[in-house]
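Each remark here refers to the structure printed beneath this line.
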Amino acid sequence: MASVELRDNLLGISWVDSGWVPILNPSNVLDYFSERSNPFYDRTCNNEVVKMQRLTLDHLNQMVGVEYILLHAQEPILYIIRKQQRQSPTQVIPLADYYIIAGVVYQAPDLGSVISSRVLSAVHGVQSAFDEAMSFCRYHPSKGYWWQFKDQEERVEVKKEPEVPVETAKPQEERDTKPPVPPAPPRPPPQNTPNKPPPEKRPRLQ
């Protein structure tokens, strides 16, 4: 259990020594990786034995145990170092890979860690979808189960609102653009009729 926790902790950290970054190259990258402050370096490895005895790295092929080799180099930005268990001069078992980008060392995740992380992410998404779906589920003893979504509640509220009269619902622009009603024509002035003389009085016959 402790080894699993240690492996997971190493997957989440990085290490860098800024003093080495400008001079880093394939010939000294293993020396950079073997710095004492590097948490990824195992001090019980054969590289440490060869280093203390001032031997060349060619002697690693004749030893048995844990060793580090430079697996790939893409100067000046990328270096890949492999940790492996040597069983014989021709047989090794890979244990872990580390990649150095711009001087920063990371541990590459193994296939099991990648699959586990993807499965956990997928399960979390599915669980969130189920939780959200259950929030819209309703139950009543007389009705049973049914779904009630927020858009249904909004449609019900819209139906309850009173309808606006057509005249008042017209936009202001339409009322403003309506042509004005022309004014009524003026009435003609009344005509003056001539005054007629009063009728003459006729004498009455007695």
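Numbering (my numbering), first residue to last: 412 to 617.
Beta carbons are placed, not taken as given, at the ideal position from N, Cα and C, and that holds for glycine.
Item, Value
"Going straight from the alpha carbon of tyrosine 490 to that of asparagine 472, what length do you get?", "21 angstroms"
"Rounded to a whole number of angstroms, what is the C-alpha to C-alpha distance between leucine 422 and tyrosine 443?", "19 angstroms"
"Could you round the C-beta distance between valine 477 and asparagine 457 to whole angstroms and report it? I think they count as a contact, below 8 angstroms.", "7 angstroms"
"Considering just the uninterrupted stretch of the alpha helix (DSSP H) at isoleucine 526, what are its terminal residues?", "522 to 545"
"Using a threshold of 7 angstroms, state whether the C-beta atoms of alanine 484 and proline 437 are closer than that.", "yes"
"Is alanine 413 helix, strand or coil when you go by DSSP?", "Confidence at alanine 413 is low in this model, with a pLDDT of 48, below 50, so its placement is unreliable and the value that follows should be read with caution. DSSP places alanine 413 in helix when its eight states are reduced to three."
"In whole angstroms, what separates the C-alpha of serine 445 from that of tyrosine 452?", "6 angstroms"
"Mind checking tyrosine 550: buried by the 16 CB within 10 Å criterion, or exposed?", "exposed"
"With burial defined as no fewer than 16 other Cβ atoms inside 10 Å of the residue's Cβ, what is the status of isoleucine 424: buried or exposed?", "exposed"
"Going by DSSP, which residues form a beta bridge with aspartate 508?", "Arg493"
"Can you tell me where the beta strand (DSSP E) holding valine 427 begins and where it ends?", "Counting along the chain, valine 427 falls outside any beta strand (DSSP E), and DSSP gives it neither H nor E."
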